[in-house]
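What follows is a short report on a single structure.
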Amino acid sequence: VENIGHEMAQHMILYHFNFGFPLLSEMTKVSFPEREIVARDAGTPLDGFNRWESPQPNYRERVYYHEPQTGTGTREETATVIISNPEFPLAGGMGPVEVRLTWNTRNLPRLVEWKMPGLGMHVLGIEPANCHVEGRVAERLRGSLVTLQPGAAATYELELEIRARL
């Protein structure tokens, strides 16, 4: 992303990856690289953020902010979320499937989790970002609004990997 304008520009970016059935089932485990986790809304329970439930009527979405723990060695500026289902329907039978989303935390220091195991909307959003989801005013008040000066650029690196075995 490059600011080709003549004035400083506010820059909020969030990569939204949605996952659903059949990857998400009661057998699914989600591993987050969190150093810290906070619910967006007061009163939202923190327990259960990393496991999946069957579709539920009247479920209210849950949004969690993760401050990712980064890797080490050559991947020290990266974080990875792993979604694992040991009984995924594959051609030829059931088998384990693992989805890995890895990103560079230098420019995407936050992770937003959108959890919605509701009837008719059975989805998990994994969202590497440089911001939260309440908008520019909230980011400005937090002191975390990213800006790009004229001619400045930001580069983002993400990798999605799917592993399956029979």
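Here my numbering is used: the first residue of the sequence shown is 5, the next is one more, and so on.
Glycine included, C-beta positions come from ideal geometry on N, C-alpha and C.
Query raised in the report: Taking contact to mean at least 3 C-beta pairs separated by less than 8 Å, is the stretch 67-74 in contact with the stretch 90-97?
Result: In short, these stretches do not touch, since the Cβ pair count stays below three.
Query raised in the report: Looking only at its own chain, which residues have a Cβ that is under 6 Å from the Cβ of residue 58, when we skip the five neighbours before and after it?
Result: For the purposes of this step, residue 58 is identified with residue 54 of the sequence shown, where counting begins at 1. Only residues of its own chain outside the window of five on either side were considered, and among them 30 have a CB closer than 6 Å to the CB of residue 58, listed in chain order.
**Report entry** Counterpart residues of residue 89 in DSSP-defined beta bridges
**Finding:** Residue numbering aside, residue 89 sits at position 85 when the sequence shown is read from its first letter. Residue 89 is bridged to 101.
**Report entry** Reference residue 173; option with closest CA among 126, 122 and 48
**Finding:** Residue 173 lies beyond the range of the chain shown here (5 to 170); nothing can be said about it.
Report task. For residue 132, count neighbouring C-beta atoms within 10 Å of its own C-beta (all shown protein chains included) and say buried if the count is 16 or more, exposed if not. Result -> Within the sequence shown, the letter at position 128 stands for residue 132. The residue in question, residue 132, is buried, as its Cβ has 16 or more Cβ neighbours within 10 Å.
Query raised in the report: Quick one: is residue 156 near chain B, going by C-beta distance under 9 Å?
Result: Checking the listed chains, one finds no chain B in this structure; it contains a single protein chain.
Query raised in the report: Sorted by chain position, which residues of the same chain lie with C-beta nearer than 7 Å to residue 153's C-beta, five sequence neighbours on each side aside?
Result: Position 149 of the sequence shown, counted from the start, is the residue given in the question as residue 153. Spatial neighbours of residue 153 in its own chain (CB-CB distance under 7 Å, excluding positions within 5 residues in sequence) are listed in chain order as 7 and 12.
Requested in this report: Check residue 156 in the structure and name its three-state DSSP category.
Outcome: Against the sequence shown, residue 156 aligns to sequence position 152. Correct three-state label for residue 156: coil.
Query - Residues near residue 19 by beta carbon distance below 8 Å, same chain, minus five either side - result: Locating residue 19 in the sequence shown gives position 15, where the first residue counts as 1. Excluding positions up to five away in sequence, the list reads 107, 112, 131, 132, 133, 160 and 162.
Query - Contact belief for residue 104 with residue 86 at Cβ below 8 Å, rounded distance in angstroms - result: Residue 104 sits at position 100 when you count from the first residue of the sequence shown. Residue 86 sits at position 82 when you count from the first residue of the sequence shown. Indeed they touch by this definition, with Cβ atoms about 5 Å apart.
Query raised in the report: Going by alpha carbons, who is nearest to residue 16 out of 164, 144, 165 and 166?
Result: Here residue 16 refers to the residue found at position 12 of the sequence shown. Ranking 164, 144, 165 and 166 by CA distance to the CA of residue 16 puts 144 first.
**Report entry** Beta-ladder partner(s) of residue 69, from DSSP
**Finding:** Counting from one through the sequence shown, the residue named residue 69 turns up at place 65. Answer by DSSP bridge pairing, in chain order: 42 and 116.
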